[in-house]
Amino acid sequence: MSDNCIFCKIANGEIPTDFVYETQNVVVFKDINPQAPIHLLVVPKKHIETLNDLNDEKLSAELINAIQQAAKKLDIKEYRTVINTGKSAGQEVFHLHIHIMAGRSFTWPAG
Ligand code: AMP
Ligand code: ZN
């Protein structure tokens with residue numbers, strides 16, 4: 212738990228949030244400012260600032276599994292996943308998270 216980290220507060224229940232999916236170490240919830248009809252965030256409960264700070268293979272696998280499980284639960288088979296790492300890449304919340312977006316078409320490369 213890191214003080215004043217919004218995703219720590221969500222993950223530990225300090226801010227009541229509906230979880231689409233939850234395990235002992237990971238939560239999945241809706242993005243507050245959705246960029247697609249479906250926009251979820253997959254978040255480790257432990258405070259890890261960026262992808263560069265993730266060095267736990269079991270947790271890495273659990274995060275990938277959570278993507279699959281959340282997609283299954285929402286019955287989406289096509290979706291975009293994004294991890295922004297660092298300010299210039301667009302990271303605003305410095306608690307690791309994976310975006311899952313679906314329900315519209317995306318182009319590549321993104322702007
Ligand atoms: P990023 O720019 O990759 O760090 O993404 C941060 C994401 O967190 C943005 O899409 C925000 O809309 C989302 N976000 C920020 N605060 C909250 C919150 N309280 N609940 C849900 N999503 C949030
Ligand atoms: Zn945090």
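Per our numbering, the very first residue in the sequence shown carries number 212; after that it's consecutive.
Ideal Cβ placement from N, Cα and C applies to all residues, glycine included.
Once the 5 residues before and after Q246 are set aside, which same chain residues still bring their CB inside 7 Å of it? In the sequence shown, counting from the first residue as 1, residue 246 sits at position 35. Correct list, in chain order: M312.
Express the C-alpha separation of L265 and N215 in angstroms, rounding to a whole number. Taking the first residue of the sequence shown as 1, we reach residue 215 at position 4. Taking the first residue of the sequence shown as 1, we reach residue 265 at position 54. Rounded to the nearest angstrom, the two C-alpha atoms are 20 Å apart.
Hey, which unbroken runs of the beta strand (DSSP E) at 3 residues or more fall wholly within the region 229 to 268? 237 to 241, 249 to 255
Classify I311 as helix, strand or coil using the three-state DSSP reduction. Mapped onto the sequence shown, residue 311 falls at position 100. Strand.
Tell me, please, whether the region 301 to 315 touches the region 254 to 268 by the rule of three or more beta-carbon pairs shorter than 8 Å. The answer is yes - the region 254 to 268 touches the region 301 to 315, with three or more Cβ pairs under 8 Å.
Whose C-alpha, out of K288, K269, V254, is nearest the C-alpha of N295? Numbered from 1 along the sequence shown, position 84 holds the residue referred to as residue 295. When each option's Cα is compared against that of N295, the closest is V254.
If we define contact as Cβ-Cβ less than 7 Å, is I243 a contact residue for chain C? Judged by its chain identifiers, the structure shown contains no chain C, having just a single protein chain.
Could you check which residue in I275, H250, T292 has the C-alpha nearest to that of D242? To locate residue 242, count along the sequence shown from 1; it is residue 31. Nearest option by C-alpha distance: H250.
Just to check my reading of the structure: K257 and V238 have Cβ atoms closer than 8 Å, yes? What is that Cβ distance to the nearest angstrom? Taking the sequence shown and counting its residues from 1, the one referred to as residue 257 is at position 46. Taking the sequence shown and counting its residues from 1, the one referred to as residue 238 is at position 27. 11 Å between Cβ atoms; not a contact.
So, for I259: in the same chain, excluding its five sequence neighbours on each side, which residues have a beta-carbon less than 6 Å away from its beta-carbon? Here residue 259 refers to the residue found at position 48 of the sequence shown. Answer for I259: L265, L307, listed in chain order.
Can you tell me the Cα-Cα spacing of I275 and Q235, whole angstroms? In the sequence shown, counting from the first residue as 1, residue 275 sits at position 64. In the sequence shown, counting from the first residue as 1, residue 235 sits at position 24. In a straight line, the C-alpha of I275 is about 14 Å away from that of Q235.
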